[in-house]
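Asker: Using our numbering, read the sequence shown as starting at 21 and increasing by one per residue.
Just so you know, even glycine gets a beta-carbon here, dropped at the ideal spot from N, CA and C.
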Amino acid sequence: MSRNTRKREGFSSGLAVFFATLSSAVGLGNIWKFPYLTGDNGGGAFLIIYIAFALLLGIPVMMCEFYIGRSTKRNAVGAIDRIKPGSLWKIIGYAGLLSAYLIMFFYSSVAGWVYSYIFKSIRGTLSHLSTEDIQSIFDKTVSSSFEPIFWQVFALAVVGSILVLGVRNGIERLTKILMPILFILIIICDIRALTLPGSLEGIKFLFYPDFSSLTKNSILIALGLAFFKLSLGMGTMITYSSYFTDDNNMLATSLKVAFSDLCISLLAGIAIFPTVFTFGVKVNSGPGLLFKTIPLVFSKLPFGNILMTMFFILTAIAATTAMMSIVEVTVAILTEELKISRKSSVMLNCLIIAVFGSLATLSSSSSSLLADIKIFGKTFFDFFDYVSSNVLLPLGGLLIAVFTGYIIKKEKFIFEISNKNSLEQKYAFSLLFILIKYVTPFLLLIILLNSLSLIN
Ligand code: TRP
21 MSRNTRKREG FSSGLAVFFA TLSSAVGLGN IWKFPYLTGD NGGGAFLIIY
71 IAFALLLGIP VMMCEFYIGR STKRNAVGAI DRIKPGSLWK IIGYAGLLSA
121 YLIMFFYSSV AGWVYSYIFK SIRGTLSHLS TEDIQSIFDK TVSSSFEPIF
171 WQVFALAVVG SILVLGVRNG IERLTKILMP ILFILIIICD IRALTLPGSL
221 EGIKFLFYPD FSSLTKNSIL IALGLAFFKL SLGMGTMITY SSYFTDDNNM
271 LATSLKVAFS DLCISLLAGI AIFPTVFTFG VKVNSGPGLL FKTIPLVFSK
321 LPFGNILMTM FFILTAIAAT TAMMSIVEVT VAILTEELKI SRKSSVMLNC
371 LIIAVFGSLA TLSSSSSSLL ADIKIFGKTF FDFFDYVSSN VLLPLGGLLI
421 AVFTGYIIKK EKFIFEISNK NSLEQKYAFS LLFILIKYVT PFLLLIILLN
471 SLSLIN
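See below:
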């Protein structure tokens, strides 16, 4: 199957563009990370900072990535090279490749937990148990050596099998079906959570801003989350926008995606926090929060098992489509830059991720096999997560914003995102460019410098 670059695949319609982009944004970030980070960082106040970052820094960086991707129609490395041939700026693409791997190492591990929980809920292992039992099942699941690796490889195999089908037959076809299903499933779970006796307290925790609970570290974490959530700073949006249709209103797409993504995070929070307060789970339970609460929501309910299975299927859908967009970055780079077939590229990348990802899996809990090996004081799992979300993504975002603001001419930028001047919102586009040039990079730089000093 030799496909030359002229016949490059792409999405077929505006709707496909929206669902594919949203399916990248929505993932474990909404259902696993957002609730536990909000729990760890005190609730409502953290939520406000996170939303501010998503709007002020997230949207501009997303637009830069969209510009770079659609105007060149190449992978993250090739795209930069086409705009500024032979320059060092290509480092943005290579840094993206590195972040993609680091994220996948731990992300595929958590996705594996989710798949194993589908299996457990179907078998009924999680029903009618006490809060303590549910916690100990989670601890046992993640600290054993074989089970989580098996499911991690399983999750990767699912991602790989969809990606070999290609952009239109794989990514587009699947995301158009799965995104609406996900939305319906999460609403059903919310209805159940809201009828729990502790629901008010949970909702208050999520929405009532208590600024005294914010630390310097939580601000950095909110930024990392904003980037992680919107799939920014790594080349995912460069890669996906290289498949966009030319008549897509990309500013509208970015706003719609950011808004829908936030709604799904909030819906996930609404499913989880009422449970925390009803069943006395610690609100700052860390990465295990999702797995320690959801089984309790459904455990004593008629048809609870079916609902619980649905919830974990929903989470698996979100995780899988998001992983597709991370691995696609590496697949596109390898396929187009090294000129190897899509199939070999998918297999090679999944293999790399499975091998190094097992390090994350075997260090994810304090009783795991490799829990005592530390890099900069962190386990493999935490190191991959921390360095990618809190250092590489904001750094990538900074470079992308500087590249767009200072290498690309304003007229050229506006010409592309206004679809050759056919869109009317001239004023908004100019404002956007000013943000990209003068605001976004400086805010990012300040936050990054702070974060580096925090590490020391
Ligand atoms: N946004 C996804 C989530 O919330 C994860 C993700 C997909 C991602 N592509 C990315 C994160 C690129 C950072 C960079 O789960």
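Taking the alpha helix (DSSP H) that residue 168 falls in, what are its first and last residues?
Answerer: 167-184
Asker: Check the C-beta distance from residue 349 over to residue 256 and give it rounded, since I have them as a contact under 8 angstroms.
Answerer: 6 angstroms
Asker: How would you call residue 90, buried or exposed, if buried means at least 16 neighbouring beta carbons within 10 angstroms?
Answerer: buried
Asker: Relative to the C-alpha of residue 333, which residue among 100, 120, 132 is closest?
Answerer: The candidate whose alpha carbon is nearest that of residue 333 is 132.
Asker: Which partner residues of residue 398 appear in the DSSP bridge assignment?
Answerer: Under DSSP, residue 398 shares a beta bridge with 395.
Asker: Ligand 1 heavy atoms versus the CB of residue 390: any closer than 7 angstroms?
Answerer: no
Asker: Could you name the residues of the same chain whose beta carbon sits closer than 6 angstroms to that of residue 361, not counting the 5 residues immediately before and after it, in chain order?
Answerer: none
Asker: Do residue 256 and ligand 1 come close, with the Cβ less than 7 angstroms from some heavy atom?
Answerer: A heavy atom of ligand 1 is found nearer than 7 angstroms to the CB of residue 256.
Asker: In or out: residue 134 buried (at least 16 other Cβ within 10 Å) or exposed?
Answerer: buried
Asker: Please list, in chain order, all residues of the same chain as residue 461 whose beta carbon is under 8 angstroms from its beta carbon, the five residues on each side excluded.
Answerer: 418, 421, 422, 425
Asker: Which of the three DSSP states is assigned to residue 22 in this structure?
Answerer: For residue 22, the pLDDT reaches just 42, beneath the cut-off of 50, and the residue's location in the model is therefore unreliable, although a value from the coordinates is still provided. DSSP places residue 22 in coil when its eight states are reduced to three.
Asker: Entirely within the segment 96-172 and at least 4 residues each: give me those alpha helix (DSSP H) ranges in chain order.
Answerer: 96-103, 111-143, 151-163
Asker: Is any heavy atom in ligand 1 found nearer than 7 angstroms to the beta carbon of residue 131?
Answerer: no
Asker: What's the gap between the Cα of residue 113 and the Cα of residue 243?
Answerer: Between residue 113 and residue 243, the alpha-carbon positions lie close to 21 angstroms from each other.
Asker: Kindly provide the ranges of any alpha helix (DSSP H) runs that are 4 or more residues long and lie completely inside the segment 37-63, ordered along the chain.
Answerer: 54-60
Asker: By DSSP, does residue 321 sit in helix, in strand, or in coil?
Answerer: Coil, per DSSP.
Asker: Judging by CA-CA distance, which residue of 405, 239, 434 is the nearest neighbour of residue 63?
Answerer: 239
Asker: Residue 280 lies in the alpha helix (DSSP H); which residues open and close that run?
Answerer: 270-299
Asker: Please report the straight-line C-alpha distance between residue 156 and residue 465, rounded to a whole angstrom.
Answerer: Their backbone Cα atoms lie some 42 angstroms apart in a straight line.
Asker: Where do the N-terminal and C-terminal ends of the alpha helix (DSSP H) with residue 226 fall, by residue?
Answerer: 219-227
Asker: When the distance is taken between beta carbons, is residue 262 closer than 8 angstroms to residue 99?
Answerer: Yes, the pair counts as a contact, with Cβ atoms nearer than the cut-off.
Asker: Return yes when the Cβ of residue 393 is within less than 8 angstroms of the Cβ of residue 409, no when it is not.
Answerer: no
Asker: Check each candidate in 249, 142, 273, 453 and name the one with the smallest Cα separation from residue 324.
Answerer: 142
Asker: If residue 43 sits next to residue 319, beta carbons under 8 angstroms apart, how far is it from one beta carbon to the other, in whole angstroms?
Answerer: Contact flag wrong, Cβ pair sits at about 30 angstroms.
Asker: If we count the other Cβ atoms within 10 Å of its Cβ and call it buried at 16 or more, is residue 79 buried or exposed?
Answerer: Burial call: buried.
Asker: For residue 463, which residues in the same chain have their Cβ closer than 8 angstroms to its Cβ, ignoring the five residues on either side in sequence?
Answerer: 76, 77
Asker: Quick check: the Cα distance between residue 219 and residue 213, rounded to an integer number of angstroms?
Answerer: Spanning the two alpha carbons is a distance of roughly 7 angstroms.
Asker: Is the closest heavy atom of ligand 1 to the C-beta of residue 123 under 7 angstroms?
Answerer: yes
Asker: Near residue 84, which residues of its chain fall below 7 angstroms by C-beta distance, leaving aside the five closest residues on each side in sequence?
Answerer: 420, 421, 424, 456
Asker: Is residue 50 near ligand 3 - that is, is its Cβ less than 7 angstroms away from at least one heavy atom of it?
Answerer: Ligands present in the displayed structure are limited to ligand 1, and ligand 3 is not among them.
Asker: Please report the distance separating the alpha-carbon of residue 452 from that of residue 164.
Answerer: 49 angstroms
Asker: Once DSSP output is grouped into helix, strand and coil, what is the label at residue 253?
Answerer: coil
Asker: On the DSSP letters alone, give me the boundaries of the alpha helix (DSSP H) that residue 380 sits inside.
Answerer: 362-381
Asker: Compute the beta-carbon to beta-carbon distance between residue 354 and residue 371, rounded to the nearest angstrom, for a pair I have assumed lies under 8 angstroms.
Answerer: 12 angstroms between Cβ atoms; not a contact.
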